[in-house]
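The structure appears right after this line, and notes come after that.
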Amino acid sequence: MSSVRSSWPSSDQFLNKIREQTKSDPSFSCVMKYVLEGWPELKRDVKLAARNFFPIRGELSCWENILLKGGQIVVPFALREDILEKIHAGHLGVTKCKERAKQAVWWPRIASDICDKVSACHECTEK
Numbered sequence: 001m002s003s004v005r006s007s008w009p010s011s012d013q014f015l016n017k018i019r020e021q022t023k024s025d026p027s028f029s030c031v032m033k034y035v036l037e038g039w040p041e042l043k044r045d046v047k048l049a050a051r052n053f054f055p056i057r058g059e060l061s062c063w064e065n066i067l068l069k070g071g072q073i074v075v076p077f078a079l080r081e082d083i084l085e086k087i088h089a090g091h092l093g094v095t096k097c098k099e100r101a102k103q104a105v106w107w108p109r110i111a112s113d114i115c116d117k118v119s120a121c122h123e124c125t126e127k
């Protein structure tokens, strides 16, 4: 876990924000409960708030109250815009931003969010 953790933007402050938002986000709370206690066998039996995560349930785990997909931190909704800003810093374009994100973070539709962010950036579209 330490080698994976070294790729995270892992200040204690950042990790604490992730923990706080995971706890307060109803969708994430539900997913965490399923990860820790077990998922229903059928998607229709999964609470609506957690259904986006059902297809990847086998890849999810919990580390110190942080939801992980493989070695990536699953970012709660409230922190995604901040993380997108950090990923996009440097105006590296879609491909490099996706590579940067893949090293440390994930959420449903992250690739689409990165594309939207880059395409809305005046500096990036001029390159």
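According to UniProt numbering, the sequence shown is numbered sequentially starting from 1.
Using N, Cα and C, we set each Cβ at its ideal position, and we do this for glycine too.
Since we're looking at a predicted model, the values are computed, not measured.
Residue i versus residue j: straight-line alpha-carbon distance, rounded
i	j	result
arginine 80	isoleucine 110	9 Å
leucine 67	glutamate 126	37 Å
valine 46	serine 29	13 Å
lysine 23	alanine 120	31 Å
cysteine 97	serine 27	26 Å
asparagine 16	asparagine 52	24 Å
serine 3	lysine 102	Caution applies to serine 3, whose pLDDT of 38 falls short of 50 and renders its modelled position unreliable; the model cannot decide the point.
valine 31	alanine 89	30 Å
aspartate 82	serine 11	15 Å
histidine 122	proline 40	45 Å
lysine 33	cysteine 124	40 Å
residue 129	asparagine 65	In the structure as shown, the chain starts at 1 and stops at 127, and residue 129 therefore has no counterpart that could be examined.
alanine 50	serine 112	20 Å
serine 6	aspartate 25	Reliability fails at serine 6, whose pLDDT of 47 lies under 50, so the model's placement of it is uncertain and no value is given.
Beta carbon of residue i nearer than 7 Å to that of residue j
i	j	result
glutamine 72	valine 94	no
isoleucine 87	arginine 100	yes
leucine 84	lysine 117	yes
cysteine 21	alanine 78	First, the residue type needs correcting, since residue 21 is glutamine and not cysteine in the sequence shown. Their beta carbons are under 7 Å apart, which means glutamine 21 touches alanine 78 by this criterion.
Presumed contact (8 Å Cβ cut-off) between residue i and residue j, rounded CB distance
i	j	result
phenylalanine 54	lysine 43	5 Å
isoleucine 18	proline 76	7 Å
CA nearest to the CA of residue i, picked from the options
i	options	result
glutamate 37	Cys62, Phe14 and Glu20	Cys62
glutamate 59	Asn65, Val74 and Glu123	Val74
arginine 57	Val35, Asn65, Glu64 and Ala49	Val35
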